[in-house]
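**Student:** Input: one structure, supplied below.
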Amino acid sequence: MMQRWSRKKTHFPLLVILLLIFIVFTVLYNELSIQQIHEEPDPVHHRQETSITYVKPNRLSPAHEVLDRFSKCNATRDYSGRRIASLDRTVKTGPRRVASERCDVFSGKWVFDNASYPLYNESHCPYMSDQLACHKHGRPDLGYQYWRWQPHNCNLNRWDVTEMWEKLRGKRLMFVGDSLNRGQWISMVCLLQSVIPANKRTMSPNAHLTIFRAEEYNATVEFLWAPLLVESNSDDPVNHRLDERIIRPDSVLKHASQWEHADILVFNTYLWWRQGPVKLLWSAEENGTCEELDGKGAMELAMKAWADWVAAKVDPLKKRVFFATMSPTHLWSREWEPGSEGNCYNEKTPMELESYWGSGSDLPTMRMVDDVLGRLSSKVSVLNITQLSEYRKDGHPSIYRKFWETLRPEQLSNPASYSDCIHWCLPGVPDVWNELLFHLL
Ligand SMILES: *[C@@H]1O[C@H](CO)[C@@H](O)[C@H](O)[C@H]1NC(C)=O
Ligand SMILES: *[C@@H]1O[C@H](CO)[C@@H](O)[C@H](O)[C@H]1NC(C)=O
Ligand SMILES: *[C@@H]1O[C@H](CO)[C@@H](O)[C@H](O)[C@H]1NC(C)=O
Ligand SMILES: *[C@@H]1O[C@H](CO)[C@@H](O)[C@H](O)[C@H]1NC(C)=O
Ligand SMILES: *[C@@H]1O[C@H](CO)[C@@H](O)[C@H](O)[C@H]1NC(C)=O
Ligand SMILES: *[C@@H]1O[C@H](CO)[C@@H](O)[C@H](O)[C@H]1NC(C)=O
43 MMQRWSRKKT HFPLLVILLL IFIVFTVLYN ELSIQQIHEE PDPVHHRQET
93 SITYVKPNRL SPAHEVLDRF SKCNATRDYS GRRIASLDRT VKTGPRRVAS
143 ERCDVFSGKW VFDNASYPLY NESHCPYMSD QLACHKHGRP DLGYQYWRWQ
193 PHNCNLNRWD VTEMWEKLRG KRLMFVGDSL NRGQWISMVC LLQSVIPANK
243 RTMSPNAHLT IFRAEEYNAT VEFLWAPLLV ESNSDDPVNH RLDERIIRPD
293 SVLKHASQWE HADILVFNTY LWWRQGPVKL LWSAEENGTC EELDGKGAME
343 LAMKAWADWV AAKVDPLKKR VFFATMSPTH LWSREWEPGS EGNCYNEKTP
393 MELESYWGSG SDLPTMRMVD DVLGRLSSKV SVLNITQLSE YRKDGHPSIY
443 RKFWETLRPE QLSNPASYSD CIHWCLPGVP DVWNELLFHL L
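Shown next as structure tokens:
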């Protein structure tokens, strides 16, 4: 080729040569980017490139039946390998909005501080949940309420309730996700409600969307139950204890129609994917046949459908979007105290071991989340609560909460067996998640 090139060169005017060089470069460049797309690792599964079908998530009202807790799969087959189109093809990578340019506020340590903490009194918050009111349900040690998060290289802006209300004036703040995110919402309401006179605030009844409203600020703090982000058969805020999870991996519309009007959004999703496999019912599936996929693979599909919505609909100048990373669990004390056989029950102090990471926080999932959020660049800010919450083995309700079922005698005689080591006592760890949100707003 080089030979022919130089041979012809003499006969061609300069302009034509430049044009040819341009064409050659363009072709080369295109081939390169195609190669890059093809070489992208596929964390869900490894399949022949030729067998992958990309599905564009719904952005308009779906024609299909909306899933509810009575939905069933007519049949189930193996996962076909279909993927969500948006992020694999259209969204460009760009520099992520770093939590704070100067300092990583998520890297730090817990400092005992009973002078400034807790930020509110458990019994003074009328919106407290019985699942999280640990003192009310008999927890004798209150140490878990007295810890402040101290970033290594800077200080957090001090929580200031009036300043937070000013940030929220005329706005809708909405938390969207599962019960961990609901805990953060309750924490936020408890942090905020004390300065609003009782006759100037309202709380709507518990529903798919629950709304706390403060009249004088014309502001709301809301919680939308959407544990899997995409449409699913678990979207009933009360009755969602189902054996089989069914999602529509290409549809966030059912929930997005509610969340799209919020000004500040805080999303989370994680624990519900840990009990896979998950049934996928694609919108184009006419006969009600589901596909089955492991939890992490299904979570990736859901995250990408959600990300497609963010990429298409979020103007960062008008809307702030946050994503809270996985909330850690402390189900096995042998992970932080080798040889022991308990869980979080009776834990009274945070861990001191720097960068402790338990098995409840799945690293491949974190990398997948990194990747999805990274592609959304400046449209999403990360609330990276995982590492700081990992240290707080003392922060869970364990047995000090209201349980829905009456406990059996053998459970009562062995407290460790029925501990809740997933959710968090309030006041407690989620208050600090909200201080971080306040810091970043
Ligand atoms: C804070 O803790 C210290 C040490 O445990 C104790 O001496 C002090 O009385 C506590 N202060 C408050 C306000 O609880
Ligand atoms: C919370 O308020 C109650 C009742 O006013 C009081 O008895 C209790 O000591 C307070 N608790 C804390 C941790 O301040
Ligand atoms: C209250 O806030 C909403 C937006 O959430 C806005 O549309 C409305 O005009 C505001 N009302 C007043 C009285 O400021
Ligand atoms: C649905 O079922 C009909 C009748 O059995 C069949 O012809 C059709 O191919 C099926 N559609 C899909 C998408 O599987
Ligand atoms: C599932 O099968 C039943 C009975 O064959 C049919 O009535 C129903 O429409 C199917 N569901 C879907 C979503 O196609
Ligand atoms: C969150 O922080 C951990 C370190 O604690 C890091 O490995 C991870 O990449 C971060 N995730 C995101 C989404 O920023």
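The numbering of the sequence shown is the working numbering, which starts it at 43 and goes up by one. Virtual Cβ for every residue (Gly too), placed ideally from N, Cα, C.
Let me confirm a value: Trp446 is counted as buried when at least 16 other C-beta atoms fall within 10 Å, else exposed. Which label applies?
**Tutor:** Locating residue 446 in the sequence shown gives position 404, where the first residue counts as 1. Exposed, because fewer than 16 other Cβ atoms sit within 10 Å of the Cβ of Trp446.
**Student:** Flag this pair as yes or no: are the beta carbons of Phe364 and Leu307 separated by less than 9 Å?
**Tutor:** Position 322 of the sequence shown, counted from the start, is the residue given in the question as residue 364. Position 265 of the sequence shown, counted from the start, is the residue given in the question as residue 307. Contact flag set, yes.
**Student:** Classify Lys151 as helix, strand or coil using the three-state DSSP reduction.
**Tutor:** Locating residue 151 in the sequence shown gives position 109, where the first residue counts as 1. The answer is strand: DSSP assigns Lys151 an E or B state.
**Student:** Give me the Cα-Cα distance between Val352 and Arg450, rounded to the nearest whole angstrom.
**Tutor:** Translated into the one-based positions of the sequence shown, residue 352 becomes position 310. Translated into the one-based positions of the sequence shown, residue 450 becomes position 408. C-alpha separation (whole angstroms): 46 Å.
**Student:** If you measure from the CB of Asn163, is any heavy atom of ligand 1 nearer than 8 Å?
**Tutor:** By one-based count along the sequence shown, residue 163 stands at place 121. Because no heavy atom of ligand 1 lies under 8 Å away, the Cβ of Asn163 does not count as near it: no.
**Student:** Is Trp315 near Asp292, with beta carbons less than 9 Å apart?
**Tutor:** For the purposes of this step, residue 315 is identified with residue 273 of the sequence shown, where counting begins at 1. For the purposes of this step, residue 292 is identified with residue 250 of the sequence shown, where counting begins at 1. In this structure, Asp292 does not lie closer than 9 Å to Trp315 by Cβ.
**Student:** Could you give the distance in angstroms between the alpha-carbon of Pro168 and the alpha-carbon of His372?
**Tutor:** Here residue 168 is taken as the residue at index 126 of the sequence shown, counted from 1. Here residue 372 is taken as the residue at index 330 of the sequence shown, counted from 1. Those two C-alpha atoms are separated by around 28 Å.
**Student:** Assuming Tyr312 and Thr252 form a contact by the criterion Cβ under 8 Å, report the distance between their Cβ atoms to the nearest whole angstrom.
**Tutor:** Counted from its first residue, the sequence shown places residue 312 at position 270. Counted from its first residue, the sequence shown places residue 252 at position 210. 21 Å between Cβ atoms; not a contact.
**Student:** At the level of alpha carbons, what is the spacing between Ala117 and Glu328?
**Tutor:** In the sequence shown, the residue the question calls residue 117 occupies position 75. In the sequence shown, the residue the question calls residue 328 occupies position 286. Looking at the two C-alpha atoms, the distance is approximately 12 Å.
**Student:** Using the rule of at least 16 other Cβ atoms within 10 Å of the residue's Cβ for burial, across every protein chain shown, is Gly180 buried or exposed?
**Tutor:** As a first step, residue 180 must be located in the sequence shown, where it is residue number 138. Exposed is the call here.
**Student:** Rounded to the nearest angstrom, how far is the Cβ of Asp436 from that of Pro392, given a contact under 8 Å?
**Tutor:** Position 394 of the sequence shown, counted from the first residue, corresponds to residue 436. Position 350 of the sequence shown, counted from the first residue, corresponds to residue 392. Yes, Asp436 and Pro392 are in contact; Cβ-Cβ is about 6 Å, under 8 Å.
**Student:** Any heavy atom of ligand 6 inside 8 Å of the beta-carbon of Val308?
**Tutor:** Here residue 308 is taken as the residue at index 266 of the sequence shown, counted from 1. No, ligand 6 has no heavy atom inside 8 Å of this Cβ.
**Student:** Taking the C-alpha atoms as reference points, what is the distance between Ser171 and Ser382?
**Tutor:** Along the sequence shown, read from residue 1 onward, the residue named residue 171 stands at position 129. Along the sequence shown, read from residue 1 onward, the residue named residue 382 stands at position 340. Rounded to the nearest angstrom, the two C-alpha atoms are 31 Å apart.
**Student:** Just to confirm, does Asn426 get its C-beta within under 8 Å of one of the non-hydrogen atoms of ligand 6?
**Tutor:** By one-based count along the sequence shown, residue 426 stands at place 384. Yes, the beta carbon of Asn426 sits closer than 8 Å to at least one heavy atom of ligand 6.
**Student:** In three-state terms, what does DSSP make of Leu109?
**Tutor:** Here residue 109 refers to the residue found at position 67 of the sequence shown. Coil.
**Student:** Here's a check: name, in chain order, each residue in its chain whose Cβ is nearer than 6 Å to the Cβ of Arg124, leaving out the five neighbours to either side.
**Tutor:** In the sequence shown, residue 124 corresponds to position 82, counting from 1. Thr95, Val97.
**Student:** Taking Ala261 and Gly212 to be in contact with their CB atoms under 8 Å, please state how far apart those CB atoms are, rounded to whole angstroms.
**Tutor:** Translated into the one-based positions of the sequence shown, residue 261 becomes position 219. Translated into the one-based positions of the sequence shown, residue 212 becomes position 170. Ala261 to Gly212, Cβ: 7 Å. Contact.
**Student:** Quick one: Cα of His438 to Cα of Ala326, how far?
**Tutor:** Numbered from its first residue, the sequence shown carries residue 438 at position 396. Numbered from its first residue, the sequence shown carries residue 326 at position 284. In a straight line, the C-alpha of His438 is about 42 Å away from that of Ala326.
**Student:** Given that a residue counts as buried once 16 or more other Cβ atoms are within 10 Å of its Cβ, and exposed if not, what is Val280?
**Tutor:** Taking the first residue of the sequence shown as 1, we reach residue 280 at position 238. Under this definition Val280 is an exposed residue.
**Student:** What number of angstroms, rounded off, separates the C-alpha of Leu395 from the C-alpha of Tyr433?
**Tutor:** Your numbering for residue 395 matches position 353 in the sequence shown. Your numbering for residue 433 matches position 391 in the sequence shown. Each residue's alpha carbon lies about 8 Å from the other.
**Student:** Rounded to whole angstroms, what is the Cα-Cα separation between Met245 and Ser221?
**Tutor:** What you label residue 245 is simply residue 203 of the sequence shown in a count that begins at 1. What you label residue 221 is simply residue 179 of the sequence shown in a count that begins at 1. Their backbone Cα atoms lie some 18 Å apart in a straight line.
**Student:** Whole-angstrom Cβ separation of Val424 and Trp191, contact assumed at under 8 Å?
**Tutor:** Translated into the one-based positions of the sequence shown, residue 424 becomes position 382. Translated into the one-based positions of the sequence shown, residue 191 becomes position 149. Incorrect: roughly 16 Å between the Cβ atoms, too far for contact.
**Student:** What ranges does the alpha helix (DSSP H) occupy inside the segment 418-450, keeping only unbroken runs of at least 4 residues that lie completely in it?
**Tutor:** Runs found: 428-432.
**Student:** Spell out the partners DSSP gives Glu264 in its beta bridges.
**Tutor:** On the sequence shown, residue 264 is found 222 positions in, with the first residue counted as 1. Glu264 is bridged to Met216, Ile253.
**Student:** Return the chain-ordered list of same chain residues with a C-beta closer than 6 Å to the C-beta of Pro457, the five sequence neighbours on each side being excluded.
**Tutor:** Against the sequence shown, residue 457 aligns to sequence position 415. Once the five neighbours on either side are set aside, the close Cβ partners of Pro457 are Tyr387, Ile441.
**Student:** Should Arg144 be labelled buried (16 or more other beta-carbon atoms within 10 Å of its own) or exposed?
**Tutor:** Against the sequence shown, residue 144 aligns to sequence position 102. Exposed, because fewer than 16 other Cβ atoms sit within 10 Å of the Cβ of Arg144.
**Student:** When burial is assigned at 16 or more other CB atoms within 10 Å of the CB, is Ala349 buried or exposed?
**Tutor:** Counting from 1 along the sequence shown, the entry for residue 349 is found at position 307. Answer is buried; the Cβ neighbour count reaches 16.
**Student:** Identify, in the order they occur along the chain, each residue of the same chain with its Cβ nearer than 7 Å to the Cβ of Glu164, setting aside the five sequence neighbours on each side.
**Tutor:** Residue mapping note: residue 164 aligns to position 122 of the sequence shown, counting from 1. Met170, Ala175, His177, Lys178, Leu468, Pro469, listed in sequence order.
**Student:** If you measure from each CB to the nearest heavy atom of ligand 3 and keep those under 5 Å, what residues do you get, in chain order?
**Tutor:** Going along the chain, the residues that qualify are Gly212, Asn260.
**Student:** Please state whether DSSP places Val411 in a helix, a strand or coil.
**Tutor:** By one-based count along the sequence shown, residue 411 stands at place 369. Three-state result, Val411: helix.
**Student:** How would you label Gln235, buried or exposed, when you count the other beta carbons within 10 angstroms and need 16 or more for buried?
**Tutor:** For the purposes of this step, residue 235 is taken as residue 193 along the sequence shown, with counting starting at 1. Looking at its Cβ environment, which holds 16 or more other Cβ atoms inside 10 Å, Gln235 is buried.
**Student:** Please state the DSSP three-state secondary structure of Asp350.
**Tutor:** One-based indexing of the sequence shown puts residue 350 at position 308. Reduced to three states, the DSSP call for Asp350 is helix.
**Student:** May I ask whether a heavy atom of ligand 6 can be found less than 8 Å away from the beta carbon of Asp278?
**Tutor:** Looking up residue 278 in the sequence shown gives position 236. Incorrect: Asp278 has no Cβ contact closer than 8 Å to ligand 6.
**Student:** Kindly indicate which three-state DSSP category Cys232 falls into: helix, strand or coil?
**Tutor:** Looking up residue 232 in the sequence shown gives position 190. Cys232: helix per DSSP, three-state reduction.
**Student:** If you drop the 5 nearest sequence neighbours on each side, which residues of the same chain put their C-beta closer than 6 Å to that of Cys488?
**Tutor:** Residue numbering for the chain in the displayed model covers 43 to 483; residue 488 lies beyond these limits and cannot be assessed.
**Student:** Quick check: what's the CA-CA separation for Glu264 versus Pro472?
**Tutor:** Residue mapping note: residue 264 aligns to position 222 of the sequence shown, counting from 1. Residue mapping note: residue 472 aligns to position 430 of the sequence shown, counting from 1. Those two C-alpha atoms are separated by around 16 Å.
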